[in-house]
Amino acid sequence: MRPSLRRSFRVRRPQAAGQSRRFTSRAILLADVRDRSKRRPAVVDAVENLLRQSPLRDAEEAAICAAALSRRKLWERGLSMLSEGHFLTGTKGLNAAVKTCRSASQWELALWLALSAHKQTERDGLTYSMVLSACSEGSVWELAIRLWLEARQEGLGSYGHVASAAIAACGKGKQWQQAIALLCSIEQPDAAVFAAAIDACRRAGRWQEALAVLESFRPLGAPPPEGIGAAVSALAYNTRWMQALLLFHEEFLQGPCLEGTGPGMRGFTGALQACAEGSNWQVALSLLEQMAARKLAPDKRCFDIALRAHKQARHGGQPQAAPRRR
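For the record, in the sequence shown the residue sitting at position 207 is 207 according to full-length UniProt numbering, with numbers rising by one throughout.
The following block contains the structure:
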């Protein structure tokens, strides 16, 4: 069934000659549209002023406007602009439309636009990556595999962001065998691909396979932090809490300090989950302190897991000693 697309954005025509209006350069208006600090009314006003000057000139301008509107929860307006401007027949416009749908969790509409309404539009690696991510959101792993095979025929299947998105879709459907098969079919998988395969094993409760995938990366070099974090989570979420903490200590706390909020946050979250499984609130508290020392801001989930470890210890769980560093 074709998803509904409400045409809710009306392009205003330029004012007639003789009408007075304030003129602002197009570059300034586009900068206002891009400005993430501006509130919804200011962004809408900037977009409307842009359209008063002239119709959108190209897919780049349309993509900027659609993204800005989508961030303000006006995704239907942004999508309507792309459609009414006939930008969906080009790759950049189609990518902007799919991104707009995904930002609003409209994965069915994203798939319909890319695979049905505009299936003749040429796709690039970004298109496949976003469409595969939509498959993951919808747990339609069979379609993800078909699209990945199509991308590979186009020479795009081995791109890290495309392959990892396909593996993630398999993982969401608990198809860990398919995820491993995809990993093995890629000639030079990157860190994100390995991390996606490990996470697919985690989702299916296959912690042994998760560790095997991690070990298979070692001949290629030091395991990527993304993969280690996924393996820690795989162990923790499958009640192998002591092994999870040992892996975390050996790979993270004895290795180089992690910076940023990406794989470091994932690894710490997995370790905290291990503490909750083992009713080890002292170690959980220590992990929160280490996160602060590494400039990682614990989110609500981290605090909730640490609190659960404390509650479980109070209600009969025995706190365990932290694994010793070698």
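Every residue, glycine too, gets a C-beta built ideally from N, C-alpha and C.
Looking from the CA of C275, the closest CA among M130, S80, S233 and R206 belongs to S233. DSSP places D199 inside the alpha helix (DSSP H), whose first and last residues are A191 to R203. Between M81 and A104, the CB-CB gap reaches or exceeds 9 Å. Between R202 and A212, the gap from beta carbon to beta carbon reaches 9 Å or more.
Following the DSSP letters along the chain, one finds A110 inside the alpha helix (DSSP H) bounded by residues W107 to W112. Excluding the 5 residues flanking it on each side, H161 has same chain C-beta neighbours closer than 6 Å at S129, in chain order.
Counting other Cβ atoms within 10 Å of its Cβ, S139 stays below 16 and is therefore classed as exposed. With a 10 Å radius around the Cβ and a threshold of 16 neighbouring Cβ atoms, P225 comes out buried. Collapsing the DSSP output to three states places G270 in a helix. The residue among A179, G155, T100 and S116 with its C-alpha nearest the C-alpha of A144 is A179. Across the set L69, D199 and N95, the C-alpha of N95 shows the shortest separation from the C-alpha of A59.
Residue nearest to L245 within the set P223, E215, A222 and N280 is N280 (criterion: CA-CA distance). If you compare the alpha carbons of E61, L74 and G227 with that of K92, the shortest gap goes to E61. Taking 9 Å as the cut-off, the beta carbon of H118 is found no closer than this to the beta carbon of T100. The closest CA to that of P219, considering only R206, L235, Q106 and Q188, is found on Q188. For S103, the enclosing alpha helix (DSSP H) has its first and last residue at T91 to S103.
Buried is the label assigned to S164, since at least 16 other Cβ atoms lie within 10 Å of its Cβ.
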